[in-house]
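Chains as they are written, first to last, in this note's numbering: chain C, 80 to 716; chain Z, 80 to 716. Positions of the beta carbon are idealized from the N, C-alpha and C atoms, including for glycine. It should be emphasised that the depicted structure is a prediction, and the values quoted were computed from it without experimental measurement.
In structure tokens form, the structure reads like this:
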């Protein structure tokens, strides 16, 4: 007997067998519902409300929800079973989708594209749980405990010759007997073989979990992934504690070389940062570190070295050689990570010292290397990493953009956080300013997208010329100090920091150098391959611009190529998403290794190509205006 | 230009190119010469004397030999080069062969057979050194250090995708640069892949070494193996320190279960025992623990469990299930072994709780599973382990023989050591006794072969009957105490312990039970397969009988089947030899795993077969005299 279940407000209808849970129904309708107890009715995260129709409910579990929710009609989706055609409301807080902001395109503003994690790959997690039931030994059938386990794994799960380490073996005899020859085995792929990470007595029905981590130079974000459903069920970010020993990769590399135990110190700090995130994710999902059998990290090459305890010395010295681009899969205990001690830790392969695993992860996730169309992938952080290619070839480079777009070296620069100015409007006659801030809070600084907007608009209305120099303008917002010129964006009275928030001429020159470096990098790749800009089919913008990037403005200042806006996509933190993808798809991980191998690296410091391009690019938008046909210049400048 | 080199006293002649060293010549003649410095001229162990002919000698190294040796004409074989037809004397102390006793067959006494380690397998060591020279990186060719190393290993040694662990990786950058892009890489096979164990700067010409260890319940023997030449270059044995917590495997298993930390204690003691042996071997061969990249151990199943820290609890309890018969390859550091921390440690696979890796090692080394002929393999220690089979099938069993043949439970029983009585003659008329002891020292006790001899002769001359009971005989050597009867073998005045050395009626009954258990085990295997004793083509006797075993006597008491003496071979400590073989031949190791899998185990406690056979076997030689047609019985008994 089948019934239809309609979910609102989505208005998605699905057909399910009588007796299936509402959680099951939502999953088969493609709607992600939060759940971390494996349908045991204990986490209370899958609350829904049945608007119409009959259902069977296991009242035993109803007390898990607070009374006020119960009174409002909420029930646990995992303990309610279909008995009728139903209409079910899924409240916002029970939903998995964290990207409420969908694609919208108004005035060239691009929101982050919501791409599902698997993105075309097969769900085949790097780590799985397998429930085994075996016969007890007797005098006529006395194979060893380990051989018995192996035989059942082969028979019931087609896993042949798994790696079994000593720590696991030393507990095996007691575990098998404690579970009366029923056990739950967690196996993880180590890049060569399947490895038994954990054996628990009895049949544990909790799903298998993994952790994906994007280890950024500045911020670290961890995602808790339900390996069976292939969904991120929780996420948390924080600042990289290494920052106290240096803001960027170069200062951290110097710390490693100049301080005794500098490397150990930095490794310890990043492990601490990650462990804190994991602890919080575990606590709020009622999990233990032993439940995490696998972790995939994605980071730039220097961060990967520091994470693994490899000295980054030669990354900084010409010819910029990392110790390893393909690093070994290690065990949690080797690094002191807060996961199962025998759990496996993958690090994304890198291409070179300055094109790291975070970029490979991004290329993997965005499927560039699986499509015919020529794609330009740009990740703008302290370094601008640029990849150009398609299914047949990939070329990459890194240009020292400096930290300007992340707010570094800019007087009131800030990261994309609450209160950061992300858009700026300037009246062309009065030069009066209107700013939009993240979460509409009182302005505290200017983030990357705000800075781009700001320069574009200041140039458009004639406050600065093509070199970024301030022009003589009649505006109370322009102020001149003994060594700089300032343009006030937010008056002290309206700002959230009790001071005027301005952008200075020096700030602008810094930004122009940064944007020039990125554009020169793009041009260098194209010229190396003798390709014209127009051949690019798609441009993907990854990284730290917050949720929005004003593409028109970015083109107007000459940061991005002057191509139709519909060719652009803002793909967000693809470093993290690629790590999530690798966790749940062995096929995807294998492809990451192929990407790492197939991608060519163009070292920009060889020859004059990059420097020539850079010198042309430190104008608004560029020396060669033919490259920016759509940009109308202010008549006077 | 080629010359002939004749080695004396062997009178073996070989032909070598001019300019080759005498060490090289000896090796190609199949004569093992001691050498542990890799022909660097520093260890001084390869001393030889040229009797005739011209040679070139690098005098620089002559001072390594003591003056008196130099005066006697000795030179280093590794630094003397062929320029003429030569006659070269190799003194005993420079020879590798430790079995000076060659096969001889007089009066049924069998000496240990001297079988070369490889015994037909291909020399392909589990661990090798590879010298690599690579190009330094430059800006146009900037692959990572690890990838550069991998590429050269693939190109120069055809090693693909080796495992490289973090500890090695963390030192790699500095090592490569210190060696100016010349390095010596030690790689070891881990059962699945090759693994890089060590990278040294520069080109190290020392050979690669491995350690083979026979971990016996009572004694532990370690052998230092030159992996390139495939030769054991030094050997050392000692008592297993675990003995202080229990004499046999059962008492040690009980210690594990009854004492808190009992397992840790026993593991620690055996590791200490092995480490001491290794330290001494390293010191006297001028090597460091880092020079040892691999170790293969062979032991019974309980000893393997204790060595690896696996609890043996269920080995002792019905249905006698070990945690593992195939144990993982682990790293030296995991067990705290005195080898390179990243060096690999193999343990021989076992068949069952009471047929262990030592037996698999013995079957491997003696090639039973590669031959058509039906072979019976018997290792008599505390347990008698018996294997029957050929290339098509192998069946094994274990019978609790008790420690009698190792001297346990026998009043003056002792191991095969200096002063142990190993042969006994009794005058049939006077009952006067003549004993032979090991090293002809004053008698201190009776070892296994001596005990067998003793019972056989006592029965032959009529001192005991077929049940082992003392007969009324007129002899001053027979004495009667309140609860036992004694037969004095050595008078106090002639013994090395200041007391009469005797064998008592109880001793003899113990021995008869032991020999009965072994023979009943053999019969059980044969009857299970419905085979007649006569079908056995060869009988191999392994284990602790010292250097000699009197086969005729062993048949006469009914310990061994009554088959022609030429079918017997005494093969010595095959557990150690199999471990040495596995070290130097990957093919052999792989075959050991096949043996472990193909061998069937017959549990003698199931059914009545064994007990029926045992009851028939506790007579001299047996209840069924048709089984011992060659044994003439004393008329009166």
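Inter-segment contact for the stretch 604-619 of chain Z and the stretch 272-282 of chain Z is absent: fewer than three beta-carbon pairs are separated by less than 8 Å. Distances from the alpha-carbon of residue 528/Z to those of 410/Z, 549/Z, 546/Z and 493/Z put 493/Z closest. Between residue 405/C and chain Z, the shortest Cβ-Cβ separation is below 8 Å.
Across the stretch 210-231 of chain C, CB contacts with chain Z closer than 7 Å involve 216, 217, 218, 219, 221, 223, 224, 225 and 226, in sequence order along the chain. Annotation: Cβ neighbours of residue 245/Z in chain C (cutoff 9 Å, chain order): 387, 388, 389, 406, 407, 409, 413 and 414. Against residue 684/C, the close residues of chain Z are 218, in the order they occur along the chain (beta-carbon pairs closer than 9 Å). The beta carbons of residue 411/Z and residue 663/Z sit about 19 Å from each other, so the pair does not count as a contact at 8 Å. If you check the CB distance, residue 283/Z and residue 207/Z do not come in under 8 Å.
Annotated three-state conformation of residue 526/C is coil, per DSSP.
Here DSSP, grouped into helix, strand and coil, assigns residue 564/Z to strand. Per DSSP, the beta-bridge partners of residue 504/Z are 513/Z.
Note on geometry: alpha-carbon atoms of residue 666/C and residue 201/C lie some 7 Å from one another. Counted as a single uninterrupted DSSP element, the beta strand (DSSP E) harbouring residue 277/C occupies residues 273-280. At a cut-off of 8 Å between beta-carbon atoms, residue 249/Z makes contact with chain C. By the CB criterion at 8 Å, residue 241/C and residue 266/C fall inside the cutoff. Within the stretch 407-495 of chain C, the complete alpha helix (DSSP H) segments of 4 residues or longer fall at 411-414 and 436-444, listed in chain order. The C-beta of residue 419/C has 16 or more other C-beta atoms within 10 Å across all chains shown, which makes the residue buried. In its own chain, leaving out the 5 sequence neighbours on each side, no residue places its CB closer than 6 Å to the CB of residue 151/Z. Identification of chain Z residues near residue 401/C by a Cβ-Cβ cut-off of 7 Å yields 223, ordered along the chain.
For residue 99/C, the closest C-alpha among the options 156/C, 325/C, 91/C and 145/C is that of 156/C. Following the DSSP letters along the chain, one finds residue 200/Z in no beta strand (DSSP E), marked with neither H nor E. In terms of CA proximity to residue 542/C, 505/C leads the group 585/C, 505/C, 120/C and 377/C.
Taking C-beta atoms as the reference points, residue 287/Z and residue 391/Z fail to come closer than 8 Å. At the C-beta level, residue 105/Z and residue 248/C stay beyond 8 Å of one another. For residue 601/Z, there is no enclosing beta strand (DSSP E); the enclosing alpha helix (DSSP H) has its first and last residue at 584-607. Residue pairing by DSSP puts residue 291/C in a beta bridge opposite 302/C and 375/C. Minimum Cα-Cα distance from residue 305/C among the listed residues 196/C, 584/C, 91/C and 678/C corresponds to 196/C.
For residue 349/Z, the CB contacts under 8 Å within the same chain, skipping 5 residues up- and downstream, are 294, 299, 319, 320, 321, 382, 385 and 386 in chain order. In chain order, 252 make up the part of chain C whose C-beta sits under 7 Å from the C-beta of residue 393/Z. In the DSSP assignment, residue 558/Z is bridged to 565/Z.
Spatial neighbours of residue 599/Z in its own chain (CB-CB distance under 6 Å, excluding positions within 5 residues in sequence) are listed in chain order as 689, 692, 693 and 696. Here residue 555/C is exposed. Its C-beta has fewer than 16 other C-beta atoms within 10 Å.
For residue 581/C, the beta-bridge partners assigned by DSSP are 567/C.
In the same chain as residue 567/Z, and ignoring 5 residues on each side of it, the C-beta atoms closer than 7 Å to its own belong to 556, 558, 579 and 581, in chain order. Looking from the CA of residue 655/C, the closest CA among 393/C, 462/C and 427/C belongs to 427/C. Within 10 angstroms of the beta-carbon of residue 87/Z lie fewer than 16 other beta-carbons, which makes it exposed.
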